[in-house]
Structures are given as C-alpha cells and as structure tokens.
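The opening residue of the sequence shown carries number 34 in the numbering used here; numbering runs sequentially from there. Ideal Cβ positions, reconstructed from N, Cα and C, are used throughout, including at glycine. Heads up: the structure comes next, in structure tokens.
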Amino acid sequence: MTFSEYIEKLAERHIDIRHKKNGEVHFLSSEREKHTALDSVLHYPAVILDRGYGFGYGGGPGAYKKDRNYLLFVVEHVSDTSDYVQIETVLEKCERILDEIFNQILEDKRKNRQWLAFSLEEVEADYVVNSDNQLYGVIAAIPLSEPYKSINCRKAFLLDRTFDETFDKTYK
C-alpha cells in the first residue's frame, strides 16, 4: 500500500472527512486527481495529499532508501473571510484533524509496523490562509523514507555481448 492509499484509507475512516453515501469527495491526491478539480469535486473539510517537492536517494551500501516529501493539507471552506471567529474555529478544527491523523499513523506504526520511517520530529506544519478561495486550514510537510526496492524498474536494457566483453577487458 502506498502512503497516498494509506492516507486515503485514514480519511475514509475519519468521522469528519469520510466520503458520504451521496458521493461527496473529501480526499484528493496528486497521484490520482488534478488539483484544478478542487472547486467542482471537493467537499469540506477535506484532506489533500500532494507529492510535494520531490524525492531523493540515500542510505548506505546494502541499505539504500528512497526519500519522498509529501504535503498534507487539511482545509475547510469559510463562508465569510471577514468572520475571524469562524476562521479561528476552522483553523482549530483542521489542526485537530491533523493531530488525529498523525496520532493514528503513530498508532498504526506501533501496532502494525507500518510506515516505520515516519516520525513527528521531522514534520513541519503551518496554517493555510487562502482567502481568494475561502479555504483555511493546515499544511504539514512529511518526509518519508522507504527502503529502496527496484519496484519501479523493469528489464530496460537489451543484452549487448560486445559491451559486456569490452567492459570485462577494461575493468577486470
């Protein structure tokens, strides 16, 4: 299960976010949906998971890892951007939902040994204030390291005996 699928499953189980029987969508992922569909598809409160600002490789010989950086948004629509009481209430609600998501990840990590590399110590968070779209909430930058596997790799190189012979003569 990918991290995106895992977060979607958490969102489906959360009492404030889960998809409703009438087909309302409260979760989007950059791995499946385009963000341009926000206004037409998304209902609030919502969780949006974005692949963030890239990935990299690390580790040491025999223990390579692939580091990914996710951005997790929890946002709510506000009807009046000059109603600061409503905005403050929404910010507190979204922060609570983010805390509940992180708490569940830590619990799953402890029970099922899922997402062993996840650590709250490395997560940075901030408030989201998008008054143009009347969206307020929180965003968390989540670095996640996974053991490197050649899962994305296929047999992409054709056999070339002349290359192998030249390589062997040069480097052996």
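Notebook entry, point to check: If we count the other Cβ atoms within 10 Å of its Cβ and call it buried at 16 or more, is residue 77 buried or exposed?
Noted result: buried
Check: DSSP on residue 69, reduced to helix/strand/coil?
Finding: Bear in mind that the predicted position of residue 69 carries a pLDDT of just 47, short of 50, making it unreliable; the figure below should be weighed with that in mind. Of the three classes helix, strand and coil, the one that applies to residue 69 here is helix, per DSSP.
Margin query: Here's the rule: buried if 16 or more other CB atoms are within 10 angstroms of the residue's CB, otherwise exposed. What is residue 90?
Written below: exposed
Item checked: DSSP beta-bridge partners of residue 98 -> 91 and 180
Check: If we ignore side chains and look at the alpha-carbon of each, how far apart do residue 174 and residue 103 end up?
Finding: 6 Å
Note to self: Mapping the DSSP letters down to three states, classify residue 151 as helix, strand or coil.
What the structure shows: coil
Check: Whose CA, out of 92, 82 and 88, lies closest to the CA of residue 105?
Finding: 82
Checklist line | Sequence-distant residues of its chain with Cβ nearer than 8 Å to residue 167 (five each side left out) | finding: 110, 111, 112 and 114, listed in sequence order.
Notebook entry, point to check: Just checking my contact of residue 123 with residue 169 at CB under 8 Å: how many whole Å lie between their CB atoms?
Noted result: 5 Å
Checklist line | Within 8 Å, strictly: CB atoms of residue 88 and residue 99 | finding: yes
Note to self: For a test of the three-state rule: what should DSSP assign to residue 43, helix, strand or coil?
What the structure shows: helix
Checklist line | Inter-residue spacing [alpha-carbon to alpha-carbon] between residue 181 and residue 190 | finding: 20 Å
Check: Would you report the Cα separation of residue 195 and residue 202, rounded to the nearest angstrom?
Finding: 11 Å
Check: residue 136 lies in the alpha helix (DSSP H); which residues open and close that run?
Finding: In the DSSP assignment, residue 136 falls within the alpha helix (DSSP H) that extends over 117-145.
Notebook entry, point to check: Are the Cβ atoms of residue 171 and residue 128 separated by less than 8 Å?
Noted result: yes
Check: Under a Cβ-count criterion, where at least 16 other Cβ atoms within 10 Å of its own Cβ denotes burial, should residue 146 be classed as buried or exposed?
Finding: exposed
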